[in-house]
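Taken in order, these protein sequences are the chains called Y and A.
Under numbering that gives the first Met the number 0, the residues of the first sequence are numbered 0 to 473, in order.
Under numbering that gives the first Met the number 0, the residues of the second sequence are numbered 0 to 482, in order.
We put the beta carbon where it would ideally sit given N, CA and C, even for glycine.
Step one of this worksheet: look at the structure below.
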Amino acid sequence: MSYEPVIGLEVHVQMSTDSKIFCTCSNKFGAEPNTNVCPVCLGMPGVLPVLNEKVVEYTVKAGLALNCQIRSKSVFARKNYFYPDLPKAYQISQYELPICEHGYIDIELEDGTQKRIGITRIHIEEDAGKLNHEAGCSLVDLNRTGTPLMEIVSEPDLRSAEEAKAYLMKLKTILEYVEVSDCNMEEGSMRCDANVSIRPDSNAPFGTRAEIKNVNSFRNVERAIKYEQKRQEKVLNEGGKIVQETRLFNADTGITASMRGKEDAHDYRYFPDPDLVPIVLEDKFIDDLKAWMPELPDAKLARFMSEYGLSGMDADFLVSAKAYGQYFEQAVKAHNNPKAVCNWIMGELMRRLNDKQCTIFEAGISPENLAEIVKLIDEGKISGNIAKQVFDETAETGKKPADIVAEKGLVQNSNEDELEAIVKQVLDANPAETERFKGGEVKLQGFFMGQIMKASKGKANPAVVAPLLKKLTS
Amino acid sequence: MLGKTLKELSEALNKKEFSSAELTQFYLDRISKYDGEICAYNYINENVINQAKAVDEKRAKGETLPVYAGIPMALKDLIIQKDMPATCSSKILEGFVPPFQGTAAQLLEDAGFLCLGKLSMDEFAMGSSNETAYRKKTRNPWDTSRVPGGSSGGSAASVAAGLTTFALGSDTGGSIRQPASLCGITGMKPTYGRVSRFGLIAFASSLDQIGPMTSNISDNAAILSVIGKYDKKDSTSLNVAQEDYAKYLTGDVKGMKIGVPKEYFAEGIAPDVRECVNKAIKAYEGMGCEIVEISMPHTEYAVATYYIIATAEASSNLGRYDGIRFGFRADADNLKDMFYESRSQGFGDEVKRRIMLGTYVLSAGYYDAYYIKAQKVRTLIKQDFVNAFEKVDAIICPTSPTTAFKAGEKMSDPLQMYLSDINTISLNLYGGCGLSMPCGFGADGMPVGVQLLGKYFDEGRLYNLAYAFEQQAKLPVMPEKLK
Numbered sequence: 000m001s002y003e004p005v006i007g008l009e010v011h012v013q014m015s016t017d018s019k020i021f022c023t024c025s026n027k028f029g030a031e032p033n034t035n036v037c038p039v040c041l042g043m044p045g046v047l048p049v050l051n052e053k054v055v056e057y058t059v060k061a062g063l064a065l066n067c068q069i070r071s072k073s074v075f076a077r078k079n080y081f082y083p084d085l086p087k088a089y090q091i092s093q094y095e096l097p098i099c100e101h102g103y104i105d106i107e108l109e110d111g112t113q114k115r116i117g118i119t120r121i122h123i124e125e126d127a128g129k130l131n132h133e134a135g136c137s138l139v140d141l142n143r144t145g146t147p148l149m150e151i152v153s154e155p156d157l158r159s160a161e162e163a164k165a166y167l168m169k170l171k172t173i174l175e176y177v178e179v180s181d182c183n184m185e186e187g188s189m190r191c192d193a194n195v196s197i198r199p200d201s202n203a204p205f206g207t208r209a210e211i212k213n214v215n216s217f218r219n220v221e222r223a224i225k226y227e228q229k230r231q232e233k234v235l236n237e238g239g240k241i242v243q244e245t246r247l248f249n250a251d252t253g254i255t256a257s258m259r260g261k262e263d264a265h266d267y268r269y270f271p272d273p274d275l276v277p278i279v280l281e282d283k284f285i286d287d288l289k290a291w292m293p294e295l296p297d298a299k300l301a302r303f304m305s306e307y308g309l310s311g312m313d314a315d316f317l318v319s320a321k322a323y324g325q326y327f328e329q330a331v332k333a334h335n336n337p338k339a340v341c342n343w344i345m346g347e348l349m350r351r352l353n354d355k356q357c358t359i360f361e362a363g364i365s366p367e368n369l370a371e372i373v374k375l376i377d378e379g380k381i382s383g384n385i386a387k388q389v390f391d392e393t394a395e396t397g398k399k400p401a402d403i404v405a406e407k408g409l410v411q412n413s414n415e416d417e418l419e420a421i422v423k424q425v426l427d428a429n430p431a432e433t434e435r436f437k438g439g440e441v442k443l444q445g446f447f448m449g450q451i452m453k454a455s456k457g458k459a460n461p462a463v464v465a466p467l468l469k470k471l472t473s
Numbered sequence: 000m001l002g003k004t005l006k007e008l009s010e011a012l013n014k015k016e017f018s019s020a021e022l023t024q025f026y027l028d029r030i031s032k033y034d035g036e037i038c039a040y041n042y043i044n045e046n047v048i049n050q051a052k053a054v055d056e057k058r059a060k061g062e063t064l065p066v067y068a069g070i071p072m073a074l075k076d077l078i079i080q081k082d083m084p085a086t087c088s089s090k091i092l093e094g095f096v097p098p099f100q101g102t103a104a105q106l107l108e109d110a111g112f113l114c115l116g117k118l119s120m121d122e123f124a125m126g127s128s129n130e131t132a133y134r135k136k137t138r139n140p141w142d143t144s145r146v147p148g149g150s151s152g153g154s155a156a157s158v159a160a161g162l163t164t165f166a167l168g169s170d171t172g173g174s175i176r177q178p179a180s181l182c183g184i185t186g187m188k189p190t191y192g193r194v195s196r197f198g199l200i201a202f203a204s205s206l207d208q209i210g211p212m213t214s215n216i217s218d219n220a221a222i223l224s225v226i227g228k229y230d231k232k233d234s235t236s237l238n239v240a241q242e243d244y245a246k247y248l249t250g251d252v253k254g255m256k257i258g259v260p261k262e263y264f265a266e267g268i269a270p271d272v273r274e275c276v277n278k279a280i281k282a283y284e285g286m287g288c289e290i291v292e293i294s295m296p297h298t299e300y301a302v303a304t305y306y307i308i309a310t311a312e313a314s315s316n317l318g319r320y321d322g323i324r325f326g327f328r329a330d331a332d333n334l335k336d337m338f339y340e341s342r343s344q345g346f347g348d349e350v351k352r353r354i355m356l357g358t359y360v361l362s363a364g365y366y367d368a369y370y371i372k373a374q375k376v377r378t379l380i381k382q383d384f385v386n387a388f389e390k391v392d393a394i395i396c397p398t399s400p401t402t403a404f405k406a407g408e409k410m411s412d413p414l415q416m417y418l419s420d421i422n423t424i425s426l427n428l429y430g431g432c433g434l435s436m437p438c439g440f441g442a443d444g445m446p447v448g449v450q451l452l453g454k455y456f457d458e459g460r461l462y463n464l465a466y467a468f469e470q471q472a473k474l475p476v477m478p479e480k481l482k
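The following block contains the structure:
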């Protein structure tokens with residue numbers, strides 16, 4: 000029997016504020032253990048939390064970008080439990096009155112249609128510390144304690160692992176656009192728990208769900224959900240029952256294992272935190288942030304297609320990261336050939352980004368220089384092959400492409416007389432191949448073009464050479 | 000040196016009638032002479048005499064000094080003073096020395112005060128007799144077979160016995176006013192949000208407030224003028240201008256309306272206490288005040304409401320004492336046992352009782368019936384005060400139902416102990432200000448306190464009312480044998 004999965008995601012996103020949520024400690028990742036700490040985030044007796052206003056600003060930005068309603072009054076609550084990485088034995092979070100509610104994201108499905116995924120709520124909370132398990136002991140690092148988090152809870156609207164992955168990718172892109180997080184799953188600045196259940200068909204009531212924790216990459220979200228889906232199907236097909244439980248995903252083995260059952264679930268004893276006053280937002284605060292909002296991916300995609308005539312696939316690539324779109328538009332402004340610029344970004348530039356592991360604006364080639372290369376091609380001054388050489392040299396030295404072409408004499412040769420001499424020379428040097436070519440062995444075209452290019456040091460204009468070759472061998 | 004107000008001490012130091020070192024040594028000598036019996040101090044600052052000498056040197060050089068430079072005082076052991084132990088009289092905090100400064104201690108330091116040491120209290124401020132303290136169970140200076148009240152028992156006793164010039168206490172449900180009453184001194188619980196709670200180790204965050212405990216009204220007003228300051232480090236601190244409360248002390252109270260709530264004179268109030276308080280009411284009438292009988296109908300629910308809200312908050316606030324980072328840690332083989340054992344061995348019975356109660360009222364399935372219901376009743380109790388203050392300027396009533404009781408008398412019956420605070424608890428639920436001052440002596444010769452309750456940020460008016468009574472009553476503030 001086959002089943003339909005029902006999936007909801009809870010995504011924790013670390014905000015990229017300068018300081019922590021309730022104290023002035025640095026919020027930088029990667030410092031020596033227990034150096035970014037103070038009495039407040041260590042939860043010493045006698046300290047009190049004071050809310051970082053930036054955290055509210057960032058969360059409202061995210062809420063607006065995710066089409067949420069922003070509550071004018073929201074309240075912090077304490078979530079009580081004991082764990083060595085939680086100094087106060089409670090996490091300051093939001094419970095009954097979260098700051099953002101009732102939002103959505105539109106994702107694109109494989110068949111090209113759009114699907115709207117509801118966002119139940121976004122609430123603000125503080126991160127806990129980290130335990131480093133070593134042989135025979137566990138060490139507590141409290142640097143992360145007090146890192147501002149937003150927890151984004153989706154409706155159970157997702158119906159496949161692929162949809163879940165698409166939702167996550169879209170969420171990451173949007174949050175990057177509003178500059179509230181770097182959403183780096185590997186570094187833990189974006190973490191995901193998945194609630195998974197299955198049902199016989201789309202009209203059946205929801206089944207019992209399992210919560211899958213510890214999923215830390217886009218690929219693993221897909222793997223974990225697929226595994227869990229299969230596991231639950233097997234249980235039901237063998238006549239068993241799904242139990243409500245929390246399961247842990249193991250990225251090495253690709254399986255989920257039970258962590259704790261419903262009866263062992265924590266009673267967190269939430270109650271409003273008496274140390275903090277409610278967050279009360281004035282209309283102006285929200286309006287100012289609305290005015291600040293940048294163009295979001297969906298709007299940008301539509302505009303790139305209509306304004307630059309790009310295909311959906313090209314535009315999709317360019318909006319997948321905010322910086323790509325910025326780079327693209329800067330380049331097109333310098334030389335108006337959107338399709339070619341896009342191809343160069345997707346091709347050579349991405350290759351370089353992968354090699355250098357850097358961001359698009361750190362790759363050594365400015366949008367203006369890339370535009371100039373495309374322009375040199377368009378004007379027939381250099382060939383595509385030469386352009387790649389110029390690209391590398393520009394990236395390494397920072398010199399202007401036109402200067403490199405002039406300096407190195409890389410201008411394309413379109414002079415028919417000169418090129419005819421070269422063609423003749425190549426034909427003479429390869430009599431056997433010439434005979435076969437003349438005899439109709441068309442595939443030798445490539446061989447001759449290559450030889451001619453080599454003889455012209457890559458500068459021969461193929462558009463001029465091709466007819467010459469035809470003329471001299473017919 | 001004994002019996003001088005802070006203002007007089009400051010003048011005497013400036014006139015070089017005596018030095019700060021002499022004044023400080025005077026108190027250290029009294030502590031070594033009397034504290035063996037009274038047991039007020041958890042910790043004595045051995046460096047204080049050097050600090051006093053340093054002030055004297057500056058004074059000799061003619062440096063400009065803050066107004067109270069070189070005057071020693073002491074703090075309840077849940078108020079953070081940097082680099083001095085802060086134990087809350089609990090085993091679980093033994094060895095904890097805060098590496099940061101609390102706001103109240105900083106403001107006192109800025110005003111020139113020196114810290115003699117830290118004063119005993121009921122463990123984590125949970126108690127009304129100082130008997131839940133882990134080590135020093137403070138006794139009443141007027142009769143050391145009796146308790147000083149609590150939880151600020153060490154603060155009250157040290158002031159009454161002249162073991163400090165004044166002390167800071169904290170009041171969650173009467174912990175400043177009840178011991179002040181039982182020890183015959185003056186204690187003020189300021190409006191919630193008047194004094195920063197940064198550096199106050201929390202019992203119940205929505206109720207806790209630091210306040211001065213002094214041997215006279217003008218000192219009390221002077222200290223609140225110093226510590227009653229808005230603090231960004233406390234989100235519940237209110238941005239209200241700092242005041243010089245001395246300016247209110249005119250003694251002119253003519254025409255003020257004082258409310259007498261009948262619910263605060265209920266059956267449990269001892270006849271001698273009732274009699275002393277009635278005399279004080281008569282005295283105010285004589286000074287031209289209008290005495291108005293009022294009713295605060297939800298008073299009977301105050302104790303129950305308080306013990307739900309305060310314990311709920313406490314159960315969460317005290318979670319951090321897990322043996323991991325500071326204080327006492329029990330030996331154990333694994334993490335879970337370490338949590339269990341550290342907390343089982345580190346907390347006393349009363350604290351455990353309240354953690355369990357608070358955990359229970361916040362639990363799934365009980366939260367609405369207890370915690371939410373209690374919050375609703377809290378609103379009704381607040382409304383009682385709001386209604387009352389539409390009719391009157393202040394409320395007068397007994398602070399404690401009885402005078403100081405014998406040590407051990409109520410320890411076996413927590414409910415009897417909780418009723419000691421029956422007249423003080425409502426004010427914390429409302430959040431206004433309240434002061435207890437001596438108004439006579441009971442049949443047993445022990446001090447009786449009268450309580451004045453005021454609306455939000457109306458400390459000035461309470462001080463003036465208290466001052467008017469103090470000037471007229473001229474009651475002895477210290478047991479004869481300790482002079």
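Practice task
Please state whether DSSP places leucine 138 (chain Y) in a helix, a strand or coil.
Solution key: Position 139 of the first sequence holds residue 138 (chain Y). Here leucine 138 (chain Y) sits in strand by DSSP.
Problem - Contacts of aspartate 105 (chain Y) in chain A (Cβ-Cβ under 8 Å) - result: Locating residue 105 (chain Y) in the first sequence gives position 106, counting from the first residue. Residues of chain A passing the Cβ test: none, with the nearest at roughly 36 Å.
Handout entry: Nearest candidate by alpha-carbon position, reference aspartate 271 (chain A), set A:Ser236, A:Phe165, A:Gly444
Key = What you label residue 271 (chain A) is simply residue 272 of the second sequence in a count that begins at 1. Minimum Cα distance to aspartate 271 (chain A) is reached at A:Gly444.
Handout entry: Amino acids of chain A, ordered along the chain, whose beta-carbon sits closer than 9 Å to that of asparagine 530 (chain Y)
Key = Outside the modelled stretch of chain Y, which goes from 0 to 473, sits residue 530 (chain Y), for which no answer is possible.
Practice task
Say whether chain A places a C-beta atom closer than 7 Å to the C-beta of lysine 87 (chain Y).
Solution key: As a first step, residue 87 (chain Y) must be located in the first sequence, where it is residue number 88. Answer yes: the Cβ-Cβ gap between lysine 87 (chain Y) and chain A drops below 7 Å somewhere.
Handout entry: Below-7 Å beta-carbon distance, isoleucine 79 (chain A) vs any chain Y residue
Key = As a first step, residue 79 (chain A) must be located in the second sequence, where it is residue number 80. Yes, because at least one Cβ of chain Y sits closer than 7 Å to the Cβ of isoleucine 79 (chain A).
Practice task
Would you mind working out which of Y:Asn131, Y:Tyr166, Y:Pro48 sits nearest isoleucine 104 (chain Y), comparing C-alpha positions?
Solution key: Looking up residue 104 (chain Y) in the first sequence gives position 105. Of the listed residues, the one whose Cα sits closest to isoleucine 104 (chain Y) is Y:Tyr166.
Problem - As assigned by DSSP and simplified to three states, the class of serine 19 (chain A) - result: Residue numbering aside, residue 19 (chain A) sits at position 20 when the second sequence is read from its first letter. In the structure shown, serine 19 (chain A) sits in a helix (DSSP, three-state: H, G or I).
Handout entry: Selection from Y:Thr119, Y:Asn142, Y:Ile121, Y:Lys261 that minimises the alpha carbon distance to leucine 130 (chain Y)
Key = Reading the first sequence from its first residue, position 131 is the one you call residue 130 (chain Y). Among Y:Thr119, Y:Asn142, Y:Ile121, Y:Lys261, the Cα nearest to that of leucine 130 (chain Y) is on Y:Asn142.
Exercise for the section: Just mark glycine 13 (chain Y) as buried or exposed, buried being the case when its beta carbon has 16 or more other beta carbons within 10 Å. Expected result: Mapped onto the first sequence, residue 13 (chain Y) falls at position 14. It should be pointed out that residue 13 (chain Y) corresponds to glutamine in this sequence rather than to glycine. Label assigned to glutamine 13 (chain Y): buried.
Practice task
Quick one: give me the first and last residue of the beta strand (DSSP E) that alanine 76 (chain Y) is part of.
Solution key: One-based indexing of the first sequence puts residue 76 (chain Y) at position 77. First-last of the beta strand (DSSP E) with alanine 76 (chain Y): 75 to 79.
Practice task
Identify each residue in the region 101 to 126 of chain A for which the Cβ-Cβ distance to at least one residue of chain Y is less than 9 Å, and report them in chain order.
Solution key: Gly101
Exercise for the section: Select from the region 41 to 56 of chain Y all residues with a C-beta closer than 9 Å to any C-beta belonging to chain A, and list them in chain order. Expected result: Leu41, Gly42, Met43, Pro44, Gly45, Val46, Leu47, Pro48, Val49, Leu50
Exercise for the section: Determine the direct distance from the alpha carbon of threonine 207 (chain Y) to that of threonine 171 (chain A), and round the result to whole angstroms. Expected result: Position 172 of the second sequence holds residue 171 (chain A). Position 208 of the first sequence holds residue 207 (chain Y). One C-alpha to the other measures close to 46 Å.
Exercise for the section: Note down the Cα distance separating valine 410 (chain Y) from lysine 380 (chain Y), rounded to an integer number of angstroms. Expected result: By 1-based counting over the first sequence, the position of residue 410 (chain Y) is 411. By 1-based counting over the first sequence, the position of residue 380 (chain Y) is 381. Roughly 5 Å separates the two Cα atoms.
Practice task
Please report how far the alpha carbon of methionine 477 (chain A) lies from the alpha carbon of glycine 441 (chain A), in whole angstroms.
Solution key: As a first step, residue 477 (chain A) is located in the second sequence; it is residue number 478 there, counting from the start. As a first step, residue 441 (chain A) is located in the second sequence; it is residue number 442 there, counting from the start. If you take the alpha carbons of methionine 477 (chain A) and glycine 441 (chain A), they lie about 15 Å apart.
Exercise for the section: Please confirm whether any heavy atom of the ligand ZN lies closer than 6 Å to the CB of isoleucine 37 (chain A). Expected result: Summarising the ligand content, the structure contains no ligands, and the ligand ZN is consequently not present.
Exercise for the section: Report the rounded CA-to-CA distance for methionine 295 (chain A) versus alanine 387 (chain A), giving the unit in angstroms. Expected result: The residue labelled residue 295 (chain A) in the question sits at position 296 within the second sequence. The residue labelled residue 387 (chain A) in the question sits at position 388 within the second sequence. About 7 Å.
Problem - Beta carbon of serine 315 (chain A) nearer than 7 Å to that of arginine 351 (chain Y) - result: Within the second sequence, residue 315 (chain A) is the residue found at index 316, counting from 1. Within the first sequence, residue 351 (chain Y) is the residue found at index 352, counting from 1. Contact flag unset, no.
Handout entry: Contained alpha helix (DSSP H) runs [length at least 4] in the region 116 to 192 of chain A, N- to C-terminal order
Key = 152 to 159, 176 to 182
Exercise for the section: Measure the C-alpha to C-alpha separation of tyrosine 326 (chain Y) and alanine 362 (chain Y) and round it to an integer number of angstroms. Expected result: On the first sequence, residue 326 (chain Y) is found 327 positions in, with the first residue counted as 1. On the first sequence, residue 362 (chain Y) is found 363 positions in, with the first residue counted as 1. Looking at the two C-alpha atoms, the distance is approximately 11 Å.
Problem - Simplified DSSP state of proline 273 (chain Y), which is helix, strand or coil - result: What you label residue 273 (chain Y) is simply residue 274 of the first sequence in a count that begins at 1. In the structure shown, proline 273 (chain Y) sits in coil (DSSP, three-state: anything other than H, G, I, E or B).
Exercise for the section: Would you mind working out which of Y:Ala193, Y:Ala160, Y:Asn213 sits nearest glycine 187 (chain Y), comparing C-alpha positions? Expected result: If you number the first sequence from 1, residue 187 (chain Y) lands on position 188. The residue with the shortest Cα to Cα distance from glycine 187 (chain Y) is Y:Asn213.
Practice task
Mind listing the chain A neighbours of aspartate 266 (chain Y)? Cutoff is C-beta to C-beta under 8 Å, in chain order.
Solution key: Locating residue 266 (chain Y) in the first sequence gives position 267, where the first residue counts as 1. Those are Ser362, Ala363, listed as they occur along chain A.
Exercise for the section: Within its chain, find whatever has a CB closer than 8 Å to the CB of glutamate 349 (chain A); leave out the 5 residues flanking it on each side and keep chain order. Expected result: Along the second sequence, one-based indexing puts residue 349 (chain A) at 350. Cβ within range, chain order: Asp121, Glu122, Met125, Gly126, Thr131, Pro413.
Problem - Option nearest proline 155 (chain Y) by Cα separation, candidates Y:Gly324, Y:Glu415, Y:Arg435, Y:Glu3 - result: Against the first sequence, residue 155 (chain Y) aligns to sequence position 156. Proline 155 (chain Y) has its Cα closest to that of Y:Glu3, out of Y:Gly324, Y:Glu415, Y:Arg435, Y:Glu3.
Problem - Cutoff 7 Å; reference glycine 227 (chain A); Cβ partners in own chain excluding five residues on either side - result: Indexing the second sequence from 1 puts residue 227 (chain A) at position 228. The answer, listed in chain order, is Pro189, Arg193, Val194, Gln241, Glu242.
Exercise for the section: With DSSP collapsed to three states, give me the class of glutamine 450 (chain Y). Expected result: Taking the first sequence and counting its residues from 1, the one referred to as residue 450 (chain Y) is at position 451. Looking at glutamine 450 (chain Y) - three-state DSSP - the assignment turns out to be helix.
Handout entry: 7 Å CB neighbourhood of alanine 61 (chain Y) in its chain, flanking five on each side removed
Key = For this step, residue 61 (chain Y) is matched to residue 62 along the first sequence. Same-chain partners within the cutoff: Ile121, Met149, Leu174, Val177, Val179.
Problem - CB contact check: aspartate 336 (chain A) to chain Y, cutoff 7 Å - result: Locating residue 336 (chain A) in the second sequence gives position 337, where the first residue counts as 1. So no, aspartate 336 (chain A) is outside the interface.
Practice task
Pull up the distance between the alpha-carbon of glutamate 227 (chain Y) and that of glycine 324 (chain Y), whole angstroms please.
Solution key: Counting from 1 along the first sequence, the entry for residue 227 (chain Y) is found at position 228. Counting from 1 along the first sequence, the entry for residue 324 (chain Y) is found at position 325. Those two C-alpha atoms are separated by around 37 Å.
Problem - Residues bridged to aspartate 105 (chain Y) (per DSSP) - result: Numbered from its first residue, the first sequence carries residue 105 (chain Y) at position 106. According to DSSP, which records beta bridges pairwise, aspartate 105 (chain Y) is partnered with Y:Arg115.
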